[in-house]
Amino acid sequence: MSALKRVQQWATFARIWHIYDATWQNPFESAALLKKYLMGLHKPIYHPLADCGDHVVVINCSEIALPGDEWKKRVYFHHTGYPGGASWTLAWELHKKNPTLILKKAIYHNMRGNLQRRYTMERLHLFPNESVPDEVMKNISNQIRQIRPVPKRLDHYTEDEVKEFPKLIDYPKDYIIR
Amino acid sequence: MQFIRATTNVVLSNSSFLKLNLVKTIWTSKPSYLKEVREIEKGSELIVQGVNYPSPRENYLLKNTNASVCPICSSGLDIKHTDVLILSQFVRSDGCVLPRRITGLCRRQQKRVSSLVAMAQKAGLMSNLTPANSKKDPKKRRGWKKYNKYFDESTIKLK
Ligand SMILES: [Zn+2]
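Sequence order for the protein chains is A and B.
So for the first sequence, my numbering puts the first residue at 7; every next one is plus one.
So for the second sequence, my numbering puts the first residue at 201; every next one is plus one.
Written out as structure tokens, the structure reads:
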């Protein structure tokens with residue numbers, strides 16, 4: 007085996023660390039995307055028994071966005087196993103308790119329930135904000151593109167940007183500005 | 201407002217009962233300027249001034265290429281609720297949408313714009329254009345409202 011082929015072999019089977027910024031991203035759309043990297047579905051050598059999945063580091067999990075009023079409509083069910091042990095938790099209540107749990111559950115439930123799923127989840131690293139330990143950060147070599155553009159708030163534009171933006175309408179001549 | 205240019209100040213009255221006639225008096229004065237009402241209290245006197253100044257939007261106005269339709273229809277823009285720089289043009293400083301006689305939009309676009317403004321406000325993207333008693337920062341809202349949310353524009357029902 008030539009040196010080139012040997013290095014190619016290493017590169018093919020090396021685990022890559024990806025980073026994903028969950029700011030203003032839908033956790034359920036993101037789950038379908040991140041699953042591919044975790045399971046190695048994006049690789050041409052993929053096989054269910056190949057164990058070729060990558061690591062994914064997700065930052066800003068507390069900044070995820072849900073559409074419409076889904077924060078109060080989506081319900082998570084849990085049963086302790088005892089009589090009367092059922093509980094229903096709204097998405098925003100779960101998010102308040104643990105800001106990474108919605109994304110974790112979304113990715114977990116996006117994968118088939120087989121013996122590999124628990125091991126695949128071990129390669130997912132979720133962080134509620136931007137602070138990531140250095141020993142995790144030094145591995146990262148790729149960034150996964152966000153699905154939705156992050157909206158910018160009006161008060162985060164400078165005053166000149168707001169003033170000089172092209173205007174669609176003008177006030178009537180006798181309008182009293184307030 | 202910030203952009204006051206000292207022009208012909210119309211001193212209307214120095215007593216408060218004349219405030220009733222205020223609106224009428226303002227509208228009959230010089231027609232080529234925008235107006236702002238200022239109230240200055242000097243001891244027992246109340247001076248109400250109508251200050252004229254040119255529109256701050258004059259130089260940045262987009263040309264309406266097709267005068268037979270409303271400004272948004274002629275621009276051909278597909279406005280989303282995240283386009284706060286556009287939506288803020290149709291909103292007063294307290295977050296109220298301007299009425300149709302002032303915006304000059306067609307019925308359909310006026311409905312769409314007011315829905316988009318509501319979406320942007322709920323998503324906390326225009327939190328500086330809100331009533332004075334609001335908390336401004338969307339993160340300080342109660343319960344589920346403090347978390348990030350976005351909207352689908354196709355849910356706006358238009359005829
Ligand atoms: Zn129109």
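Even for Gly, the Cβ is constructed at its ideal location relative to N, Cα and C.
A quick note: this is a predicted structure, and the numbers were derived from the prediction, not measured.
Cβ-Cβ distance between residue i and residue j below 8 Å
{"i": "residue 273 (chain B)", "j": "residue 310 (chain B)", "result": "no"}
{"i": "residue 347 (chain B)", "j": "residue 23 (chain A)", "result": "no"}
{"i": "residue 58 (chain A)", "j": "residue 51 (chain A)", "result": "yes"}
{"i": "residue 176 (chain A)", "j": "residue 257 (chain B)", "result": "yes"}
{"i": "residue 71 (chain A)", "j": "residue 30 (chain A)", "result": "yes"}
{"i": "residue 127 (chain A)", "j": "residue 45 (chain A)", "result": "no"}
{"i": "residue 294 (chain B)", "j": "residue 330 (chain B)", "result": "yes"}
{"i": "residue 313 (chain B)", "j": "residue 325 (chain B)", "result": "no"}
{"i": "residue 62 (chain A)", "j": "residue 109 (chain A)", "result": "no"}
{"i": "residue 249 (chain B)", "j": "residue 173 (chain A)", "result": "no"}
{"i": "residue 349 (chain B)", "j": "residue 74 (chain A)", "result": "yes"}
{"i": "residue 327 (chain B)", "j": "residue 356 (chain B)", "result": "no"}
{"i": "residue 358 (chain B)", "j": "residue 317 (chain B)", "result": "no"}
{"i": "residue 28 (chain A)", "j": "residue 67 (chain A)", "result": "yes"}
{"i": "residue 41 (chain A)", "j": "residue 146 (chain A)", "result": "no"}
{"i": "residue 281 (chain B)", "j": "residue 332 (chain B)", "result": "no"}
{"i": "residue 298 (chain B)", "j": "residue 291 (chain B)", "result": "yes"}
Where residue i falls: helix, strand or coil (DSSP)
{"i": "residue 260 (chain B)", "result": "helix"}
{"i": "residue 18 (chain A)", "result": "helix"}
{"i": "residue 293 (chain B)", "result": "coil"}
{"i": "residue 147 (chain A)", "result": "strand"}
{"i": "residue 159 (chain A)", "result": "coil"}
{"i": "residue 92 (chain A)", "result": "strand"}
{"i": "residue 329 (chain B)", "result": "coil"}
{"i": "residue 238 (chain B)", "result": "strand"}
{"i": "residue 175 (chain A)", "result": "coil"}
{"i": "residue 168 (chain A)", "result": "helix"}
{"i": "residue 343 (chain B)", "result": "helix"}
{"i": "residue 269 (chain B)", "result": "coil"}
{"i": "residue 249 (chain B)", "result": "strand"}
{"i": "residue 349 (chain B)", "result": "strand"}
{"i": "residue 182 (chain A)", "result": "strand"}
{"i": "residue 105 (chain A)", "result": "coil"}
{"i": "residue 97 (chain A)", "result": "helix"}
Buried or exposed (CB count within 10 angstroms, at least 16 for buried), residue i
{"i": "residue 337 (chain B)", "result": "exposed"}
{"i": "residue 34 (chain A)", "result": "buried"}
{"i": "residue 105 (chain A)", "result": "buried"}
{"i": "residue 321 (chain B)", "result": "buried"}
{"i": "residue 19 (chain A)", "result": "exposed"}
{"i": "residue 125 (chain A)", "result": "exposed"}
{"i": "residue 157 (chain A)", "result": "buried"}
{"i": "residue 121 (chain A)", "result": "exposed"}
{"i": "residue 259 (chain B)", "result": "exposed"}
{"i": "residue 60 (chain A)", "result": "buried"}
{"i": "residue 101 (chain A)", "result": "buried"}
{"i": "residue 38 (chain A)", "result": "exposed"}
{"i": "residue 160 (chain A)", "result": "buried"}
{"i": "residue 32 (chain A)", "result": "buried"}
{"i": "residue 94 (chain A)", "result": "exposed"}
message = If contact is defined by three or more beta carbon pairs under 8 Å, each pair taking one atom from either stretch, is the segment 234–243 of chain B in contact with the segment 265–279 of chain B?
response = no
message = So, does the segment 134–153 of chain A touch the segment 82–100 of chain A, judging by three or more C-beta pairs under 8 Å?
response = no
message = Threshold first: 4 residues or longer. Then list the alpha helix (DSSP H) segments lying entirely within the segment 110–142 of chain A, N to C.
response = 123–128
query = Do the segment 243–253 of chain B and the segment 134–148 of chain A make contact, defined as three or more Cβ pairs closer than 8 Å?
reply = no
key: Ranges of the beta strand (DSSP E) found wholly within the segment 13–87 of chain A, counting only runs of at least 3   = 23–27, 61–65, 71–73 and 81–85
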